[in-house]
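Take a look at the structure below.
Chains as they are written, first to last, in this note's numbering: chain A, 5 to 311; chain B, 1305 to 1569.
Laid out in structure tokens, this is it:
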């Protein structure tokens, strides 16, 4: 290891380094074991899971766009019970190796979020924290429909807060961020994940149809990185709880921008599709950058952006 | 732990990349480890350099692998920016790919005779299977089709692989039977279905649905190789979903070859 301490305290979780993975881009971690040592990462965030299985959206679920991609997966998941049974042993082992496992929680309603979180808390004792996804743009109820107003997001947080003693994070929609962030902080959120994919459209002009199965989908990839950096910076100024920056991180320097903007951790998303070992490469590049800044700890660089 | 994808990252070099029909290219790459491990019906997810705005890999089936020479041959149709750039790659060019991905064909135990149906750029995985059948001494009948004579591929290769009867059709009637390759397959299954123990198809989805229906009617097990838009190709992104009788399944991990009875068309 290098000279710089990469350890950070994120929402009460001790991470050996700031690099995390964005939910929905890293499966349940075990999909990557043939490409990299997953336990090098500070954390992974598993794909969103609801109390009961969800089939997700019809095909086609993805189209490539310049500088990124647009998806409409719709949070297909096997339900918390099957998730815990299939992936629990691997994730418990990963936890033992010092990588924090954050489980993302999905729901269509306040009641469903609570039901899923209750199951997670009971069946996933190895989990370091839970991330409530109130920002999925690809489902008809719940997701962004609930998390796009301070009142809606606060209602979900208020109902979920008593369910677990573990840290609760919230995956935020790219709208009204400072005010929603303050509402979530007031309701006891321990950390915020900023941002989820940005709603977009892609039309096949020859057939006049959407290139995916729904009119709109969620954009991700480097095309939105500058937007995400700006949003992270705005949220970090609005609240005291820590932020995980997400959006188009392809290199260590992209991750460094989030750190400088105030993020305590950084999640790698689409880059893992392009290169399954991208997250560890980005970790090493981030460490090199921190060394180049002449600091003894990465913590000295969090929010060190100078205007 | 559930079993991860068999795919590994391979650095590859282009050996040759030549057109073999209208809009169809044969790409030969040097990839020794891949050539030893890839099985008929599996796929690769290849990075195509040249456009910084285009990031995702392109999932492609393969036509043949030569373990001794360490090469894999891929036939692809130029259908968009990515495959256009792929067609410009010259011998000696380097890139990388993830493979082999997914499950290949499963020839039933004790199979006496097989019927293979391939349309357009669906030919390569079926051609791979034909060679596997030939190696096992299992006789088979082939029906292939294309939009027109100019874009037809595979006739010579199926013949070289020992196919005794090859029914060829074109949508525009410019060569072979005027119509779809499903017609011959449906006829064969109706008249002599009892002689077959296995049907395998790859091509446009409506074509595969027709073959699957004819096979089901004749009571012959049928497999189909499906195509989906794919972000990762190794089970992490949930974008390549196929609707099946037991729920949504990823084409990259549970396919691309599926039992046809399982597919909701």
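Using N, Cα and C, we set each Cβ at its ideal position, and we do this for glycine too.
Taken through DSSP and simplified to helix, strand or coil, residue 134 of chain A comes out as strand. Chain B places a beta carbon closer than 8 Å to that of residue 66 of chain A, counting this residue as a contact.
The C-beta of residue 63 of chain A has 16 or more other C-beta atoms within 10 Å across all chains shown, which makes the residue buried.
Interface with chain A (8 Å Cβ-Cβ cutoff): residue 1536 of chain B is included.
At a cut-off of 8 Å between C-beta atoms, residue 73 of chain A counts as an interface residue with respect to chain B. Chain-ordered, the chain A residues with CB closer than 8 Å to the CB of residue 1360 of chain B read 68, 73, 277, 278.
Inside the region 119 to 188 of chain A, DSSP marks whole beta strand (DSSP E) runs of 3 or more residues at positions 133 to 137, 172 to 175, from first to last along the chain. In summary, the residues of the region 79 to 94 of chain A whose CB is separated from some CB of chain B by less than 8 Å are 80, 90, 91, 93, 94, in the order they occur in the chain.
The contact set of residue 1309 of chain B on chain A, defined by CB atoms closer than 8 Å, consists of 35, 38 in chain order.
Counting along the chain, the unbroken beta strand (DSSP E) around residue 1562 of chain B starts and ends at 1561 to 1563. Within 10 angstroms of the beta-carbon of residue 107 of chain A lie 16 or more other beta-carbons, which makes it buried. Within the region 222 to 278 of chain A, the runs of alpha helix (DSSP H) at least 4 residues long that lie entirely inside it are, in chain order, 229 to 242, 256 to 265, 275 to 278.
With contacts defined by Cβ atoms closer than 8 Å, residue 185 of chain A and residue 140 of chain A do not form a contacting pair. Residues of chain A whose Cβ lies closer than 7 Å to the Cβ of residue 1539 of chain B are, in chain order, 31, 35. Residues of the region 1502 to 1524 of chain B with a C-beta less than 8 Å from any C-beta of chain A: none at all.
Per the Cβ contact rule, the region 1399 to 1406 of chain B is not in contact with the region 1474 to 1492 of chain B (fewer than 3 Cβ pairs under 8 Å).
Excluding its 5 nearest sequence neighbours in each direction, residue 258 of chain A has C-beta neighbours in its own chain below 7 Å: 229, 252, listed in chain order. Residue 1311 of chain B places its beta carbon less than 8 Å from that of residue 1538 of chain B.
Proximity of residue 203 of chain A to chain B, defined by a Cβ-Cβ separation below 8 Å, is not satisfied. Within the same chain, and ignoring the five residues on either side of residue 1354 of chain B in sequence, the residues whose Cβ sits closer than 6 Å to its Cβ are 1389. The Cβ of residue 225 of chain A sits closer than 8 Å to at least one Cβ of chain B.
Annotation for residue 94 of chain A: the continuous alpha helix (DSSP H) segment containing it runs 84 to 100. Annotated three-state conformation of residue 1502 of chain B is strand, per DSSP. Judged by DSSP secondary structure, residue 14 of chain A falls outside any alpha helix (DSSP H) and instead within the beta strand (DSSP E) spanning 12 to 14. Our two residues, residue 1552 of chain B and residue 65 of chain A, have alpha carbons roughly 12 Å apart in a direct line. Residue 199 of chain A and residue 138 of chain A have their C-alpha atoms spaced approximately 11 Å apart. Boundaries for residue 68 of chain A: no alpha helix (DSSP H) harbours it, while the beta strand (DSSP E) harbouring it runs 66 to 69, taken from the DSSP string. Scanning its chain for C-beta atoms nearer than 7 Å, with the 5 sequence neighbours on each side dropped, one finds around residue 121 of chain A the residues 109, 134, 164, 167, 168, in chain order. For residue 167 of chain A, the closest Cβ of chain B is not nearer than 8 Å.
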